[in-house]
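J.:
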Ligand SMILES: Cc1ncc(C[n+]2csc(CCOP(=O)(O)OP(=O)(O)O)c2C)c(N)n1
């Protein structure tokens, strides 16, 4: 069947199970937009390409297909860069389609011309340019495959506008499942001995692609084998927080007990992640601890320090081949795991922060009590997120989206995307006032799509995280960190959403219940104390985050 290259791209996305694309339109890729006109794919029109990219990132993290974003030439591609950088650092599957100037104009400094490869090659898995209409289907299929395989990440596909309208009779490629590798028996037997001989082993879980089965199986194994489970920074949903082996997260805002335990461990097993900058306290902790890394990423991108065995398979595949708990328990008592669990339970029990305005420890205690246990939480970056990290629990994979690279502006678009793909499920964005207004406009998309995220905006009137750094390094000289805010509740009401401005702790619980009862998009604007830098700040001075 003959069709244009632009239409073949859409047909290939359909064949590969893509349900929605996130797009800001451009005249450079009109033929793809035309193909989407008759397609069952939902074209989610966003208000900024950064929003489209972050929505695609959320889709990639929460589903089994890469998230898809579509943007136009130089200006659109520039706006989308933050999401590409985040998907690259966070190892999340994403395909970015970029409309380009016609092939015939290339190299002439044409309107909005830029170097696709020059911009994206250092922060993506590959940059493809579709210079031959007969390759349209193949290039899309290859991009989808590459984004999900090995270490997941972003793939960029450039679409010259004249190539898109050319006709081709190339077929729609048939999707092929990714090959799955099983762990080899020699590695498994070495790992079995390492765990059996260890007094204080710890497993660190992270990355994308977990499922409920593997999460439960790992939790049961860890409890029976007496091995505490840590989570990587902003990857807290891989295991159930009620699991008796769960000991908290590593990275910014972690508890002191987790930091101490990381240093005490005599064997570290990383599942789906590795010993990165954030996880190792800036390359200072546990760098020489005996280490097993389980990830399909052959290059071990980002891993630092000692490595004893690398098993090149996915966590799911490894967990399906776990040795029996009896064979790895050795002479280990349960005390190591139990101590870490007790410390973690105490860490997540909210105290009170004090100060003026809403007490966030109390507000997050309410959120934890009132929200459904399967709610999806999205985070922006900054101190405001730390209360959620500490006080909101997760009970299975696919319940958290946050920027592991600390990119601000992700909370709102990620919540909108999560709510679109999970109708009927509670989705809550947690963000500071700085973070919120970086992509607040994407709430308009929730109204357009009939989605119903709830946004919690923590308004301390400053870029607080940076204030905290300034207080440490330049005391008494605040600079470049103040903000003036509107009443955000009035702002969402302009869309006919539900908004409330809350400046007293006792008003939060009834406001939250009203927001949930409203059923559509809602926003709670919490006025908080600019002097409070994080939960329990006085006792946890390490809670300076990115
Ligand atoms: C896109 C982006 N720009 C700047 C930063 C640097 N940065 C990290 S946290 C932060 C302040 C966040 O402020 P806010 O969202 O108000 O939260 P708060 O820290 O006050 O709780 C800034 C500017 C960043 N991480 N990402």
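Numbering (this note's numbering), first residue to last: 13 to 558.
Cβ atoms here follow ideal geometry from the backbone N, Cα and C, with glycine treated the same way.
Can you name the start and end residues of the alpha helix (DSSP H) that residue 522 belongs to?
T.: Per DSSP, residue 522 belongs to the alpha helix (DSSP H) from 520-530.
J.: How long is the line joining the alpha carbons of residue 437 and residue 387, rounded to whole angstroms?
T.: Residue 437 and residue 387: Cα-Cα distance of roughly 6 angstroms.
J.: Given the structure, does residue 477 come close to ligand 1, in the sense that its CB is under 8 angstroms from one of the ligand's heavy atoms?
T.: Residue 477 Cβ: within cutoff of ligand 1.
J.: Throw me the rounded Cβ distance for the residue 468 and residue 440 pair, which I believe falls under 8 angstroms.
T.: Contact holds; Cβ gap of about 6 angstroms.
J.: What do you get for residue 364, buried or exposed, if any count of 16 or more other CB atoms within 10 angstroms of its CB means buried?
T.: Exposed, by the Cβ-count rule.
J.: I need the DSSP call for residue 554, collapsed to helix, strand or coil.
T.: Confidence is the limiting factor: at residue 554 the pLDDT is only 37, short of 50, which leaves the residue's position unreliable, though a coordinate-based value still follows. In this structure, residue 554 counts as coil in the three-state DSSP scheme.
J.: DSSP three-state label for residue 390, please.
T.: If DSSP states are grouped into helix, strand and coil, residue 390 belongs with the strands.
J.: Please say whether residue 328 and residue 199 have beta carbons closer to each other than 9 angstroms?
T.: No, the Cβ-Cβ distance between residue 199 and residue 328 is not below 9 angstroms.
J.: Quick test of your reading: residue 564 and residue 24, contact by CB under 8 angstroms. State the CB separation rounded to the nearest angstrom.
T.: For the chain, the structure presents residues 13 to 558; residue 564 sits outside this window and is missing.
J.: Between 107, 175 and 169, which has its C-alpha nearest residue 114's C-alpha?
T.: Cα-wise, what sits closest to residue 114 is 175.
J.: By a C-beta neighbour count over all protein chains shown, 10 Å radius and 16 as the cutoff for buried, is residue 188 buried or exposed?
T.: Residue 188 comes out exposed.
J.: Under a Cβ-count criterion, where at least 16 other Cβ atoms within 10 Å of its own Cβ denotes burial, should residue 123 be classed as buried or exposed?
T.: Answer is exposed; the Cβ neighbour count stays below 16.
J.: Give me the Cα-Cα distance between residue 486 and residue 543, rounded to the nearest whole angstrom.
T.: Roughly 16 angstroms between the two C-alpha positions.
J.: Quick check: the segment 247-256 against the segment 335-342, are there 3 or more CB pairs under 8 angstroms?
T.: These segments do not touch.
J.: Could you tell me if the beta carbon of residue 96 falls within a distance shorter than 8 angstroms of some heavy atom in ligand 1?
T.: No - ligand 1 has no heavy atom lying nearer than 8 angstroms to the Cβ of residue 96.
J.: What are the partner residues of residue 93, as DSSP defines its beta bridges?
T.: Note: residue 93 sits in no beta bridge, so no partner.
J.: Considering only heavy atoms of ligand 1, does any lie closer than 8 angstroms to the CB of residue 419?
T.: Answer for residue 419: yes, Cβ within range of ligand 1.
J.: Please check if any C-beta of chain D sits within less than 9 angstroms of the C-beta of residue 81.
T.: The chain inventory of the structure shown lacks chain D, comprising one protein chain alone.
J.: Residue 173 to residue 98, Cα distance in whole Å?
T.: Distance between the alpha carbons of residue 173 and residue 98: 27 angstroms.
J.: Any heavy atom of ligand 1 within a distance shorter than 8 angstroms of the CB on residue 66?
T.: Not so, every heavy atom of ligand 1 lies at least 8 angstroms from the Cβ.
J.: Taking C-beta to C-beta, are residue 541 and residue 472 nearer than 9 angstroms?
T.: Taking 9 angstroms as the Cβ cut-off, residue 541 and residue 472 qualify as a contacting pair.
J.: Please look up how many angstroms separate the CB atoms of residue 65 and residue 94, rounded, as I've assumed it's under 8 angstroms.
T.: Yes, they are in contact, since the Cβ atoms of residue 65 and residue 94 sit about 7 angstroms apart, within 8 angstroms.
J.: List in chain order: all unbroken alpha helix (DSSP H) runs of 4+ residues lying wholly within the segment 174-244.
T.: 197-209 and 224-237, all fully within the segment 174-244.
J.: Under 9 angstroms, do residue 442 and residue 397 count as touching if we go by C-beta distance?
T.: Yes; because the gap between Cβ atoms is below 9 angstroms, this pair is in contact.
J.: Which value, in whole angstroms, describes the spacing of the CA atoms of residue 143 and residue 459?
T.: So the two alpha carbons sit approximately 38 angstroms from each other.
J.: Here's the rule I'm using: 16 or more other beta-carbon atoms within 10 Å means buried, otherwise exposed. How should residue 152 be labelled?
T.: Flag for residue 152 reads buried.
J.: Is the segment 204-217 touching the segment 268-287 in the sense that three or more CB pairs, one from each, lie closer than 8 angstroms?
T.: The segment 268-287 is in contact with the segment 204-217.
J.: Whose C-alpha, out of 358, 360 and 375, is nearest the C-alpha of residue 366?
T.: The option with the nearest alpha carbon to residue 366 is 375.
J.: Assuming residue 172 is part of the beta strand (DSSP E), what are its boundary residues?
T.: 166-172 is the extent of the beta strand (DSSP E) around residue 172.
J.: Got a sec, what are the start and stop residues for the beta strand (DSSP E) residue 109 sits in?
T.: It spans 106-112 - the beta strand (DSSP E) in which residue 109 sits, taken as one unbroken run.
J.: Does the beta-carbon of residue 13 have 16 or more other beta-carbons within 10 angstroms, so that it is buried, or is it exposed?
T.: Answer is exposed; the Cβ neighbour count stays below 16.
J.: Taking the alpha carbon of residue 577 as the reference point, which residue from 293, 288 and 287 has its own alpha carbon closest?
T.: This structure leaves residue 577 out entirely; the chain is present only between 13 and 558.
J.: For the beta strand (DSSP E) containing residue 539, name the first residue and the last one.
T.: Its beta strand (DSSP E) spans residues 534-539.
J.: Let's see if you can read the secondary structure: which residues bound the alpha helix (DSSP H) around residue 349?
T.: Run containing residue 349: 347-359, per the alpha helix (DSSP H) assignment.
J.: Smallest Cα separation from residue 19: which of 291, 502, 536 and 43?
T.: Per the Cα distances, 43.
J.: At 4 residues or longer, and completely inside the segment 414-492: list those alpha helix (DSSP H) runs for me, N to C.
T.: Runs of the alpha helix (DSSP H) inside the segment 414-492: 423-433, 445-451, 455-461 and 476-485.
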